[in-house]
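First the structure, in the form of structure tokens, and then the observations on it.
Numbering (our numbering), first residue to last: 49 to 188.
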């Protein structure tokens, strides 16, 4: 399945959480965790709440290697809409692991702490934290 997305029209820009234009989900695999926010027409207030949540905790999302993709019109991007069954008729937040698989889905805004707990419980994240601690111990 072709996962290539032109992200410039669908990018959620929140500091370090943006995705480089033209990157595909396949290119992000094993490099970034991805939060996909699908917000169709009529979801402006809900989307604004979610953006505020991300903006307030930007540094913590970056530290966890999180990239975000905002899909205002999932039908314009059939690959991602089909893969994750996003109809565009409602609000959705999806968390994808570095393996590219869906780990969590919600139909309402998700608090940063909820995402952090999920991410921090992932084996890959736990190994990243252990590696970071070992590097700190090796410093003079």
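Note that the Cβ used here is the ideal one computed from N, Cα and C, for glycine as well.
Rank 170, 148, 155, 186 by C-alpha distance to the C-alpha of residue 139 and give the top, closest one.
-> 155
State the Cα-Cα distance for the pair residue 153 and residue 142, rounded to the nearest angstrom.
-> 4 Å
Distance, residue 111 Cα to residue 183 Cα = 16 Å
C-alpha gap between residue 176 and residue 145, whole angstroms | 13 Å
Within its chain, find whatever has a CB closer than 7 Å to the CB of residue 132; leave out the 5 residues flanking it on each side and keep chain order.
-> 84, 142, 150
For residue 154, write down the residues that DSSP places opposite it in a beta bridge.
-> 141
Output the distance between the C-alpha atoms of residue 104 and residue 160, rounded to the nearest integer angstrom.
-> 9 Å
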